[in-house]
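Working notes for the structure below.
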Amino acid sequence: WKLVNQNPDEREVDPSKANGLLARYALTHDSTVAQHAQVIVEHFVAHSRGRLGGRAKSMVVTASRRSAVQMARAIKSYLKDRDYDTKYPDVGVLVAFSGSLTVDG
């Protein structure tokens, strides 16, 4: 990662901690999640949906519960934007995890 520091008085940060935070930011950015959702949906529709007599399912594993909710929302949005929710009414999204979580209110 290459960062621009506009404050020369700012002290250095721990590189491993900074790399982890930057990677998490990149992986959870809305545009990245939307691109992943597109790949997931298109792959499922093209390669998996018709298997098992049209009853095939897929599992998406994420790094956190928050990421799971974010990905589910992105997949639902992609399905709706492409009118796949009408074209393929049998395709849906389910999120499952233990505990409770509040994301964006």
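In terms of this note's numbering, the sequence shown is residues 430 to 534. Cβ atoms here follow ideal geometry from the backbone N, Cα and C, with glycine treated the same way. Just so we're clear, the structure is a prediction, and the values are computed from it rather than from any experiment.
- Task: Write down the C-beta distance between Val522 and Lys509 rounded to the nearest angstrom, noting that I regard them as a contact closer than 8 Å.
- Result: Taking C-beta atoms under 8 Å as the contact rule, Val522 and Lys509 fail to qualify, at a distance of about 11 Å.
Task: Every unbroken alpha helix (DSSP H) within the segment 448-528, with a cutoff of 4 residues, ordered by chain - done: With a minimum length of 4 residues, the continuous alpha helix (DSSP H) runs that stay inside the segment 448-528 are 459-472, 480-483, 494-510 and 513-516.
- Item | Sub-7 Å separation of Tyr513 and Gln467 beta-carbons | With a cutoff of 7 Å on beta-carbon distance, Tyr513 and Gln467 are scored as not near each other.
For Leu456 and Val462, what's the separation of their Cα atoms in angstroms? Distance from the CA atom of Leu456 to the CA atom of Val462, rounded to whole angstroms, is 7 Å.
> Is the beta carbon of Arg478 sitting closer than 7 Å to the one on Phe526?
Replying inline: When the beta-carbon positions are compared, Arg478 and Phe526 stay at least 7 Å from each other.
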